[in-house]
Amino acid sequence: MTSLQLPEPPVAVLPKESPVAAGSEAAPPRGENSGSGMSFRPKEPQSFKECGLPDALVESIVYKHLLAVGSNTGRGIARELALPGKDLVALLADLKNRQLVVYKGSASMGDFEYTLTEAGRERAKKYLEECTYVGTAPVPLKDYINAVKAQTIVSEHPTEENLREAFSDLLLSPDILDRLGPAINSGRGMFLYGYPGNGKTSIAERITKCFGTSIWIPRALFVEGEIVQLFDPQVHEPDSDDKPSIVKGAAVDARWIRVRRPTIVVGGELTMDSLDMRINPVTKISEPPIQLKSNCGTLVIDDFGRQRMNPTELLNRWIVPLEKRYDFLALANGKKIQVPFDQLIIFSTNLEPKQLVDDAFLRRIPYKINVPDPTEAEYTALMRIMAEKFGIAFNEAALSHLIETHYRKCNRSLRCCHPRDLLQQIINRAKYRKEQPVMTVEAFDAACSNYFTLL
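No gaps in the numbering here: position 43 of the sequence shown is 68 in this note's numbering, and each next residue is one more.
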């Protein structure tokens, strides 16, 4: 980490105790569906029938693939589209008999290189007009629903050790950990509220780590005739620890990808449109809403109450999903589908929850956790930790001056973010002067004159 990067502030800091025991590692896969994310493995289909897709859809993605790449071998097409090789070879033979594909050449082990005929190209272009999706074959919605049930966060029960490991860089006080533990175990919604700068967002972003497992998700879904691009590299992190299995019969369906349990954070940009299925008018590929992308993970509504919608409007949209754990979405063709609503929803806000919503909604979000201001002892410990992170020698006399002059006399509240921000001011001032950053009375006074001007 360079000196210009800002470490996130520890929250409600206490001096570090003895190293905590690491949380138990996730168990290796044990079968198709035994109730946890690491136990679920999508089995490689042996036929088109096992893929659960209409023949017309399979045929269309083969056409579009060959149009995009020009030519490919039978094995190459099967690999790129994640389709069973035996049935794919039979399909290609049928397309050749219908003069829609031709052999461009031979390949190893009795394979051939295929390319489209002019009639095949025309058919591929028509399919592209309907939907431009070219990639691995999609997964039927029912298979995805079963996968969510098998990997639900409700079946995960993080322990105190898991929480300590997940929040180790924030050094949460025991009281906060004791309150977070049951809330996380519930798998339901929670409010994190308190003054800005005390680390609510930092806490929320780390909660998914408590569950400690990865999950399998389809790259794309086939839903009532539409393609939904579920895998989103902006919010889904592929699991780098995933290794191909060499156990006989343990091959994984390549239409799926193993990712870390997702954590999606949305703030003031959240709108009602982002809670519903949207179709790209150009590509004709559907974009799933944020709650679908966050299934089996955590969805953080940051700065709740400051969205471009009334808080009640948002919770009205989710009142049934929060209770029933399923949601209804409308497709572009007008059909409505039922999908899982399986995530821990965290509402992070600077306001009291009762100022935002009524009792009916508060009942559906059973945990309300206040993230308080740090005490002077906690603030001092925070300053020590941040000074060490920045490579600045700790000066107790200068810190005493800071607290007395810029907090007590001004009746200013301590915040967990202040040590990090003030030390960064000292670093920037020193870089400008071509000096080493030093924690002094003068340096703190200069930092405070900039930082607290309007605070």
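From the three backbone atoms N, C-alpha and C, an ideal C-beta is built for every residue, glycine too.
Since this is a predicted model, take the numbers as computed values, not measurements.
Name the residue from G95, F329, Y220 whose alpha carbon lies nearest to the alpha carbon of L295.
F329
Straight-line CA distance for M215 to P183?
16 Å
Backbone secondary structure at I240 - three-state DSSP
strand
With a floor of 3 residues, list each beta strand (DSSP E) that falls wholly inside the stretch 388-428, ordered by position along the chain.
Taken in chain order, the complete beta strand (DSSP E) segments of 3 residues or longer contained in the stretch 388-428 are 392-395.
Coil, strand or helix - G130 by DSSP:
strand
Distance between E251 and K309 (C-alpha atoms, nearest Å):
8 Å
Boundaries (first-last residue) of the beta strand (DSSP E) holding S193
Taken as a continuous stretch (DSSP letters only), S193 belongs to no beta strand (DSSP E), as it is neither H nor E.
Give a yes or no on whether the C-beta atoms belonging to L108 and F73 are separated by under 9 Å.
yes
Do V364 and L217 have their CB atoms nearer than 9 Å?
no
Same chain, Cβ closer than 8 Å to E348, five either side skipped, listed in chain order:
Excluding positions up to five away in sequence, the list reads R389.
From what residue to what residue does the beta strand (DSSP E) around S373 run?
369-374
Would you kindly report the start and end of the unbroken alpha helix (DSSP H) that includes S227?
Run containing S227: 225-231, per the alpha helix (DSSP H) assignment.
Hey, P163 and L91 are a contact pair by Cβ (cut 8 Å); roughly how many whole angstroms apart?
That pair is no contact at about 18 Å.
Through-space distance from P287 to C473, alpha-carbon basis
Roughly 38 Å between the two C-alpha positions.
Starting from A357, follow the alpha helix (DSSP H) in both directions and report where the run begins and ends.
Taken as a continuous stretch (DSSP letters only), A357 belongs to no alpha helix (DSSP H), as it is neither H nor E.
Contact defined as beta carbons within less than 8 Å: I believe P462 pairs with L407. What is the distance between those atoms, to the nearest angstrom?
About 17 Å; that fails the 8 Å criterion.
Could you tell me the distance, in whole angstroms, from the CA atom of L153 to the CA atom of A279?
23 Å
In the DSSP output, which residue or residues are listed as bridge partners for W281?
Bridge pairing for W281: P243 [DSSP].
To which residues does DSSP link F137 through a beta bridge?
S131
Taking only the alpha-carbon atoms, compute the straight-line gap between D136 and V126 and give it to the nearest angstrom.
14 Å
Going by the CB atoms, is the gap between P79 and V277 shorter than 9 Å?
By the CB criterion at 9 Å, V277 and P79 fall outside the cutoff.
DSSP state of Y158, grouped into three classes?
coil
Rounded C-alpha distance that separates E190 from I240
20 Å
Nearest-angstrom Cα separation, counted from T238 out to L196
22 Å
Count the other C-beta atoms from every protein chain shown that fall within 10 angstroms of the C-beta of K234, then say buried if there are 16 or more, exposed otherwise.
buried
Using a Cβ-Cβ cutoff of less than 6 Å, which residues in the same chain neighbour A355 once the five nearest sequence positions on both sides are dropped?
Counting only Cβ-Cβ distances below 6 Å, and skipping sequence neighbours, we find K361.
State the CB to CB distance for the pair I178 and F256, rounded to an integer number of angstroms; the pair is presumed to be in contact (CB under 8 Å).
Contact flag wrong, Cβ pair sits at about 19 Å.
For R303, the residue or residues it bridges with in DSSP
E312
Measuring CB to CB, does A357 end up less than 9 Å from S311?
yes
Cβ separation of E84 and L116, assumed to be a contact under 8 Å, to the nearest whole Å:
7 Å
For E467, three-class secondary structure by DSSP
helix
Whole angstroms are fine: how far does the CA of G219 sit from the CA of Q316?
25 Å
From S64, Q368, Y392, K434, residue whose alpha carbon lies closest to that of P378:
Y392
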